[in-house]
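What follows is a short report on a single structure.
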Amino acid sequence: MAMLYPDSGLAIDPATQSCELEACLELGRLDGSVAMCPPSVRQLLALRSLRNLLVSALAGEGHEFTEHRFHAWFAGLATLSDEPALGKRDPRAICETILTEFGHSSWQELADIAPRFKRALLAPVALWGVGGSSDTDHIDIRTIVDGAHGLVSQLPPSPHPLADLRELHVSLGESLLFAPSEPHYQTVMLGPRSVTVERHAPPSPRWAVEMVWGERWQRSGNLSVALPFPGLIRADAVNTIGSIDPSDRCAARGMIAMALRDVTHRLRQNIVDAGAACERIKALQAGRRASSRAPALIELLDGFGPLRSSQIEILLDATRLGVRAILSGLLDSGIVARTKLSGVWLFGTTLPTQQLYPVSCDASGGFAFSPAAIGEYDASMADIDRLLARYERGAADTD
10 MAMLYPDSGL AIDPATQSCE LEACLELGRL DGSVAMCPPS VRQLLALRSL RNLLVSALAG
70 EGHEFTEHRF HAWFAGLATL SDEPALGKRD PRAICETILT EFGHSSWQEL ADIAPRFKRA
130 LLAPVALWGV GGSSDTDHID IRTIVDGAHG LVSQLPPSPH PLADLRELHV SLGESLLFAP
190 SEPHYQTVML GPRSVTVERH APPSPRWAVE MVWGERWQRS GNLSVALPFP GLIRADAVNT
250 IGSIDPSDRC AARGMIAMAL RDVTHRLRQN IVDAGAACER IKALQAGRRA SSRAPALIEL
310 LDGFGPLRSS QIEILLDATR LGVRAILSGL LDSGIVARTK LSGVWLFGTT LPTQQLYPVS
370 CDASGGFAFS PAAIGEYDAS MADIDRLLAR YERGAADTD
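Here it is in structure tokens:
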């Protein structure tokens, strides 16, 4: 079997070759899936891609949080983490910079929603970041994003995506900005004594490269849409791709291929899940007036996650009374649920977050559940409702 890209005669084991082939196949399937997406699915995919990149970037910067905490923080109702943020870049500055960058994306759906989400970002400003202030962190993060653009633009053109990724990992390992960070030591005076303290540098901001990488592949023809690729870069591969040991370089190739395979598979699954959600939203709207804003709101909550009403007003460009009326109807029908936090309601959809049944494509290229799957789903939900009712009656009798 021929190697997928040359490496000075490096012997590649069959498992690595197989993984490289699978990665290329997954990338091709992803591009085909994106190209065939109907507009509603692509819109929902853009919402999920935006949310996933924000979460990935914050986690990559060392912030520890849950998904629920992220949405509460994004709505301005809580800090992102209970852990001290000293020495970490301001999470709000990170999100603002990402949303500004997405506003210039060649992916139109992403470019359209990013500025609205930037206005809807109500998260508190960190009192102390890496640079000592939020303003300094904004400059630092903008420098990181500009550095990502510069690093990617300087890579030599390559017709093969895996060769492109290999060159990227080599360049990352040589970059002062993006190479994996190393701890450093600082001498601190404690009275008459000097103590050496280990200081951990901020994590490598690889999320910035993963954010802009899709633009490169869109321009080269590997992708029809400039998707963000959170999780594409492997720190262990960055450390070993330039090794003089052939076994290390071979292992790095395998890690790069596995990362591409896993990320593209995950993105393709996102498309399938988005298609299933769109069909579910369409079914829920049966019998409602065509001018209703409810589908847009359900799509927003399903794609991004829980939001407060003031954020929904910004994102839908709707009045407070209008949003209140839409939410009231959706709450009554059980499509939307709400949770109170710090005296404010957060609204989220009750649609399944994962695909429950295989999704097929109809003749028009759209996604559709089979009638049997819908019937089975409704029967299962009825069984669950009966079990919950029985549990609640038992709990009431116990009380």
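Those letters in the sequence shown? Residues 10 to 408, by the working numbering.
For each residue, glycine too, the CB sits at the ideal point set by N, CA and C.
It should be emphasised that the depicted structure is a prediction, and the values quoted were computed from it without experimental measurement.
I'd like to know if the stretch 299–309 and the stretch 64–72 are in contact, where contact means that at least 3 CB-CB pairs between them fall below 8 Å.
No contact exists between the stretch 299–309 and the stretch 64–72.
For the stretch 27–46 against the stretch 262–273, are there 3 or more C-beta pairs whose distance is under 8 Å?
Touching, yes, given that three or more Cβ pairs across the two stretches are closer than 8 Å.
Inter-residue spacing [alpha-carbon to alpha-carbon] between residue 98 and residue 117
Your numbering for residue 98 matches position 89 in the sequence shown. Your numbering for residue 117 matches position 108 in the sequence shown. Spanning the two alpha carbons is a distance of roughly 29 Å.
Using a beta-carbon distance below 8 Å, is residue 76 in contact with chain D?
Here there is only one protein chain, and chain D is not present.
Spatial distance of residue 166 from residue 183 (CA atoms)
If you number the sequence shown from 1, residue 166 lands on position 157. If you number the sequence shown from 1, residue 183 lands on position 174. C-alpha of residue 166 to C-alpha of residue 183: approximately 18 Å in a straight line.
With a Cβ-Cβ cutoff of 8 Å, do residue 90 and residue 74 count as a contact?
Position 81 of the sequence shown holds residue 90. Position 65 of the sequence shown holds residue 74. Yes. Within cutoff.
For residue 346, the residue or residues it bridges with in DSSP
Taking the first residue of the sequence shown as 1, we reach residue 346 at position 337. DSSP, once it has assigned bridges, lists 357 as partnering residue 346.
So residue 430 packs on residue 171, CB below 8 Å; how close in whole Å?
Coverage of the chain is limited to positions 10 through 408, which leaves residue 430 absent and any answer about it impossible.
Whose CA, out of 239, 131, 219 and 227, lies closest to the CA of residue 320?
What you label residue 320 is simply residue 311 of the sequence shown in a count that begins at 1. Here the closest residue by C-alpha is 131.
Would you grab the beta carbon distance between residue 357 and residue 346 for me? Rounded to a whole angstrom, and I think it's under 8 Å.
As a working mapping, residue 357 is identified with position 348 in the sequence shown. As a working mapping, residue 346 is identified with position 337 in the sequence shown. Sure, about 6 Å apart at Cβ, within 8 Å.
Mapping DSSP to helix, strand and coil, what is residue 205?
As a working mapping, residue 205 is identified with position 196 in the sequence shown. Correct three-state label for residue 205: strand.
Over what stretch of residues does the alpha helix (DSSP H) that includes residue 40 continue unbroken?
By 1-based counting over the sequence shown, the position of residue 40 is 31. Per DSSP, the unbroken alpha helix (DSSP H) holding residue 40 starts and ends at 23–44.
Would you identify the three-state DSSP class for residue 316, choosing helix, strand or coil?
In the sequence shown, the residue the question calls residue 316 occupies position 307. In the structure shown, residue 316 falls within a strand segment according to DSSP collapsed to helix, strand and coil.
Any alpha helix (DSSP H) of 4 or more consecutive residues that is wholly inside the stretch 109–153:
Counting whole runs of 4 or more residues, the stretch 109–153 contains the alpha helix (DSSP H) stretches 117–129.
Just how far apart, CA to CA, sit residue 22 and residue 230?
Stepping through the sequence shown from its first residue, residue 22 is reached at position 13. Stepping through the sequence shown from its first residue, residue 230 is reached at position 221. Using only the alpha carbons, I get a separation of about 29 Å.
Hey, could you find the ends of the alpha helix (DSSP H) residue 272 is sitting in?
Taking the sequence shown and counting its residues from 1, one reaches residue 272 at position 263. Note, residue 272: alpha helix (DSSP H), 255–293.
Which residues does DSSP list as the beta-bridge partners of residue 199?
Start at 1 with the first residue of the sequence shown, and residue 199 comes out as number 190. Answer by DSSP bridge pairing, in chain order: 202.
Quick check on residue 159: does DSSP put it in helix, strand or coil?
Position 150 of the sequence shown, counted from the start, is the residue given in the question as residue 159. If DSSP states are grouped into helix, strand and coil, residue 159 belongs with the helices.
Residue 182 - containing alpha helix (DSSP H), residue span:
The residue you call residue 182 lines up with position 173 of the sequence shown. Boundaries of the alpha helix (DSSP H) around residue 182: 170–183.
Rounded to a whole number of angstroms, what is the C-alpha to C-alpha distance between residue 24 and residue 77?
Within the sequence shown, numbered from 1, the residue matching residue 24 stands at position 15. Within the sequence shown, numbered from 1, the residue matching residue 77 stands at position 68. Distance from the CA atom of residue 24 to the CA atom of residue 77, rounded to whole angstroms, is 39 Å.
Range covered by the alpha helix (DSSP H) that runs through residue 61
Along the sequence shown, read from residue 1 onward, the residue named residue 61 stands at position 52. Residue 61 -> alpha helix (DSSP H) spans 48–69.
Under 8 Å: do the stretch 98–107 and the stretch 147–155 share three or more Cβ pairs, one atom per stretch?
With three or more CB-CB distances shorter than 8 Å, the stretch 98–107 counts as touching the stretch 147–155.
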